[in-house]
Amino acid sequence: MQLATWNVNSLKMRLQHVLDWLAANPVDFLCLQETKLTDDKFPKDEIEAAGYGVIFTGQPTYNGVALLYRKEAGYVPDGVQLNNPLYEDVQRRLVSARFQTAAGPVRVIGAYFPNGQAVGSEKYVYKLGWIASLQEWIAQLRREEPDTGVILAGDFNIAPADADVHDPAVWADGILVSGPEREALQGLLALGLHDAFRLFEQPPKLFSWWDYRALGFRRNAGLRIDLILVSDELKPMVGRCWIDKGPRKLEKPSDHTPVVVEWGAAAT
DNA sequence: ATGGCCGCTTGCAGCGGA
Numbered sequence: 570m571q572l573a574t575w576n577v578n579s580l581k582m583r584l585q586h587v588l589d590w591l592a593a594n595p596v597d598f599l600c601l602q603e604t605k606l607t608d609d610k611f612p613k614d615e616i617e618a619a620g621y622g623v624i625f626t627g628q629p630t631y632n633g634v635a636l637l638y639r640k641e642a643g644y645v646p647d648g649v650q651l652n653n654p655l656y657e658d659v660q661r662r663l664v665s666a667r668f669q670t671a672a673g674p675v676r677v678i679g680a681y682f683p684n685g686q687a688v689g690s691e692k693y694v695y696k697l698g699w700i701a702s703l704q705e706w707i708a709q710l711r712r713e714e715p716d717t718g719v720i721l722a723g724d725f726n727i728a729p730a731d732a733d734v735h736d737p738a739v740w741a742d743g744i745l746v747s748g749p750e751r752e753a754l755q756g757l758l759a760l761g762l763h764d765a766f767r768l769f770e771q772p773p774k775l776f777s778w779w780d781y782r783a784l785g786f787r788r789n790a791g792l793r794i795d796l797i798l799v800s801d802e803l804k805p806m807v808g809r810c811w812i813d814k815g816p817r818k819l820e821k822p823s824d825h826t827p828v829v830v831e832w833g834a835a836a837t
């Protein structure tokens with residue numbers, strides 16, 4: 570099985586990229602962030618025609634998330650949750666559902682973490698509070714659904730370590746890398762979640778986002794801020810996790826590119 | 001050294017993103 574996450578920076582602008590990518594990469598699940606579409610404008614028909622069911626929640630202009638699941642594989646979502654039940658929020662940043670899979674029940678949570686804008690700002694305080702509440706909710710889920718694995722995938726807007734930053738000196742203590750943000754991520758990992766990408770040896774300087782400005786992509790001046798966390802019971806089944814730079818090379822790309830995880834039978 | 005793009009809007013300049 571495969572699951573991917575992709576911040577598309579407007580699904581209206583990127584729908585064809587998503588459909589083309591799914592045709593070439595028929596993943597079981599796809600989490601999208603920054604759809605930037607109200608629910609009445611969501612391209613449900615086009616996505617269903619491509620063989621995927623979809624759960625989505627949006628708002629005007631900003632944010633918006635979607636969770637796609639491959640119909641041919643027979644997935645039926647239950648326990649659907651839009652946003653965090655423990656956190657009142659007009660911003661639409663979370664979409665979740667549980668699925669029965671060949672590797673047992675799994676709850677997928679697609680997340681668009683707040684950016685935070687600048688360390689110490691009002692938006693930064695919101696970011697840290699939002700993550701703390703997400704941690705509380707996932708802790709609650711682990712108690713309520715103890716036999717269900719968890720995959721938390723999305724745009725975390727946090728580079729976990731300096732190895733995930735093209736130039737740590739430039740970014741030092743800034744937004745996306747600051748101590749409190751990284752500690753908040755550690756709080757999530759402490760629930761028994763694991764950064765799937767770092768379960769494996771990886772070449773250096775692999776990123777999932779590159780600034781549109783300053784030839785960021787050509788210079789590989791990027792960050793790894795799009796993550797897939799898998800829970801303890803899924804960890805032994807993860808066989809591969811990779812970043813697909815292909816879509817970032819297209820005309821009018823998103824500034825993020827897909828991250829994919831593959832799991833299945835227990836690794837031997 | 002600085003900042004350089006992109007998408008969105010009760011829109012044509014300003015905000016947010018990262």
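Each residue of the first sequence is one higher than the last, beginning at 570 in my numbering. Each residue gets a CB set at the ideal place from its N, CA and C atoms; glycine is no exception.
In the three-state DSSP reduction, Glu713 falls in the helix class (H, G or I). Phe766 and Leu792 do not touch by the CB rule: their CB atoms are close to 13 Å apart, not below 8 Å. The Cβ atoms of Gln571 and Val587 lie no closer than 7 Å to each other.
For Ala732 and Ala738, the gap between their C-alpha atoms comes out near 12 Å. Judged by DSSP in its simplified three-state form, His586 adopts helix.
The C-alpha of Leu599 lies about 9 Å from the C-alpha of Val623. Per DSSP, the unbroken alpha helix (DSSP H) holding Gly748 starts and ends at 748-758. The alpha carbon of Arg676 has as its nearest neighbour, out of Pro683, Arg667, Asn684, Gly643, the alpha carbon of Arg667. Restricted to the stretch 696-746, the alpha helix (DSSP H) segments that are unbroken, complete and at least 4 residues in length are 737-740, listed in chain order.
In its chain, beyond the 5 residues on either side, Gly761 have a beta carbon closer than 6 Å to the beta carbon of Asp801. In the three-state scheme derived from DSSP, where H, G and I count as helix and E and B as strand, Ala783 is classed as coil.
For the options Trp778, Ile794, Thr717, the alpha carbon positioned closest to that of Ala671 is the one of Thr717. Beyond the five residues adjoining it in sequence on each side, Asn653 comes within less than 7 Å, by CB distance, of Leu663, Ser702, Leu703, Trp706 in the same chain, given in chain order.
In the DSSP secondary-structure assignment, Pro683 is not bridged to any residue.
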